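Peer 1: Chains as they are written, first to last, in our numbering: chain A, 40 to 134; chain B, 7 to 423.
Every residue, glycine too, gets a C-beta built ideally from N, C-alpha and C.
Quick caveat, the model's predicted, so the values are computed rather than measured.
Sharing a structure here in structure tokens format.
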Ligand SMILES: Cc1cc2nc3c(=O)[nH]c(=O)nc-3n(C[C@H](O)[C@H](O)[C@H](O)COP(=O)(O)OP(=O)(O)OC[C@H]3O[C@@H](n4cnc5c(N)ncnc54)[C@H](O)[C@@H]3O)c2cc1C
Ligand SMILES: [Zn+2]
């Protein structure tokens, strides 16, 4: 079981959270103008990164708020958690 | 190829079992092949076998980063069935079941396919209705599936607890009698041996680390840890690592990789005659010929490549198993492990061409692709050889996500199996 640091409540066990998939995927502003390729990509294509992965979590059984996290999917170690709306932090990446 | 038979066994026995040869060669990679398959699981090895056997492509190789069957093929709970909801899926999975029925003979290798029946339990009104719908849909598609009352279920599987006062009582179940299990390693080894005999090079400890593209973007070569290999056709069957491999060619897929766990008990005398699955309380169980109870747990809630999974996931499954089969409460668990499964949004596989010429993919089998091994391999080989879909895998192309033609098998595949 992972220990996850909610930016609002602090470290809590994984059981209190739900996972919201890849972060920073913006919904197209004018969906009617988006072609099938871009719409399909928005809905379904995912980085599925082996390594650093920016993802959404929700502290469902706590403060119930969404937040983002940067996690290494080869170790499950969290490098950072941060509030929604903030850019992806650049940690642990070769510069 | 040294054929296996009762006579061979007898003859080798007289010679002290010293005369057996390795079942496949370990060649050095050639500089070029007509086709290269990435991934030495059942799907990849099977595709190589059918390419050589049915399409005459003999100058081909399977490249595997570890050992054969060390991925999900060797980590799965080996449940085989074809009672999926939609016609497209029924055709695909039943094609596989039919190939399973003749596979040991086809490969001259005992894959221990045992049609002992797969019983899926219902625990509430919703389950009863959903399984009823499945039974009718399956029958309309020519796939066997029948309803059992709780008493009939107990007669079919005596250890089952059908008491009315348990948390999730058994209200009945759907039984596919043609379903069952097979020996996972034997499937990889059997295909490897048969493919090798037809001239296919099987390259273990050979990881693909790059895909080179030439004029017009078509594939030209694979870079591996054992050197550069020229090829005009690449078939990828890399299960949970497919996104990583296709990223080497700049292709993004609708896949997410999750750990899925299984565990086995200490071996006991034969106690469990069939396969039982329950989607609602998330448990599935059978007994191997070694005597171990083989138990499948769920996926973690987050994507990962760790091949491990959280302890609370298997604990949850064991609680369900203990309630359904009280006699197993005191069994010790011997081993548990995880595999990385590649899930698609509609829980159906993706098989076919990619936007890159010469690059073909067979993935998205997620939690349930072992059952499909011969059918997937057979139709994937066709697609690679002819550069076009096989009638059976045609609905499962990548384009379905662009066109919104999803084949939503979330209900049939909801339990990892
Ligand atoms: C715990 C568990 C239980 C399951 N239970 C069932 C079940 O009961 N019934 C069922 O039908 N299915 C089940 N499945 C799913 C099933 O195991 C898979 O769908 C199926 O085995 C996939 O076969 P494959 O040959 O495509 O993949 P794999 O056997 O995983 O083969 C892919 C291979 O590709 C190799 N590879 C990856 N990247 C590279 C690279 N860069 N270069 C070279 N090689 C590479 C890997 O090492 C691996 O050996 C289960 C899975 C798990 C994990
Ligand atoms: Zn919180």
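1) Could you tell me whether the Cβ atoms of residue 237/B and residue 39/B are closer together than 8 Å?
2) Note down, in chain order, every chain B residue with its Cβ under 9 Å from the Cβ of residue 51/A.
3) Less than 8 Å between the beta carbons of residue 243/B and residue 368/B, yes or no?
4) Residue 47/A versus chain B: which residues are under 8 Å apart at the beta carbon?
5) Between which two residues does the beta strand (DSSP E) containing residue 428/B stretch?
6) Just to confirm the assignment, what range does the alpha helix (DSSP H) spanning residue 145/B have?
7) Within a Cβ cutoff of 8 Å, which residues of the same chain sit near residue 59/A, ignoring the five residues on either side of it in sequence?
8) Can the beta-carbon of residue 180/B be found closer than 8 Å to that of residue 147/B?
9) Might you give, ordered along the chain, the residues of its own chain that have their beta carbon closer than 7 Å to the beta carbon of residue 42/A, omitting 5 neighbours on each side?
10) Looking at the structure shown, is residue 78/B part of a helix, part of a strand, or coil, going by DSSP?
11) Under a Cβ-count criterion, where at least 16 other Cβ atoms within 10 Å of its own Cβ denotes burial, should residue 366/B be classed as buried or exposed?
12) So, with DSSP's three-state summary, where would you put residue 335/B?
13) Mark residue 283/B as exposed unless 16 or more other C-beta atoms lie within 10 angstroms of its C-beta, in which case mark it buried.
14) Assess contact between the region 296-305 of chain B and the region 75-89 of chain B, defined as three or more Cβ pairs (one per stretch) separated by less than 8 Å. Is contact present?
15) Of all the CB atoms in chain A, is at least one closer than 8 Å to the CB of residue 408/B?
16) With distance defined between alpha-carbon atoms, name the residue in 331/B, 409/B and 306/B nearest to residue 262/B.
17) Pick out whichever of 173/B, 206/B, 256/B and 96/B has its Cα sitting closest to the Cα of residue 363/B.
18) Does the distance between the C-beta of residue 70/B and the nearest non-hydrogen atom of ligand 1 fall short of 7 Å?
19) Between residue 63/B and the rest of its own chain, which residues show a CB-CB distance below 7 Å, the 5 nearest in sequence each way excluded?
20) Does any heavy atom of ligand 2 sit closer than 7 Å to the C-beta of residue 104/A?
21) Do you know offhand how far residue 67/A's Cα is from residue 84/A's?
22) Identify, in the order they occur along the chain, each residue of the same chain with its Cβ nearer than 7 Å to the Cβ of residue 227/B, setting aside the five sequence neighbours on each side.
23) How would you write the range of the beta strand (DSSP E) that residue 179/B sits in, first residue to last?
Peer 2: This is what the structure gives:
1) yes
2) For residue 51/A, no chain B residue has a Cβ inside 9 Å of its Cβ, as the nearest lies near 14 Å away.
3) The criterion of a C-beta distance shorter than 8 Å is satisfied by residue 243/B and residue 368/B.
4) For the C-beta of residue 47/A, not a single chain B residue is nearer than 8 Å; the gap to the nearest is close to 19 Å.
5) The requested residue 428/B is not part of the displayed model; chain B covers only 7 to 423.
6) Boundaries of the alpha helix (DSSP H) around residue 145/B: 131-146.
7) When the five nearest sequence neighbours on each side are left out, the beta carbons in the same chain lying within less than 8 Å of the beta carbon of residue 59/A are those of 94, 95, 96, 97 and 105, in order along the chain.
8) no
9) 50 and 52
10) helix
11) buried
12) coil
13) buried
14) yes
15) yes
16) Each of 331/B, 409/B and 306/B was checked against the Cα of residue 262/B, and the nearest Cα belongs to 306/B.
17) 256/B
18) yes
19) Cβ neighbours of residue 63/B beyond the five flanking positions: 40, 41, 57 and 391.
20) yes
21) 14 Å
22) Counting only Cβ-Cβ distances below 7 Å, and skipping sequence neighbours, we find 218, 234, 235, 236 and 237.
23) 178-182
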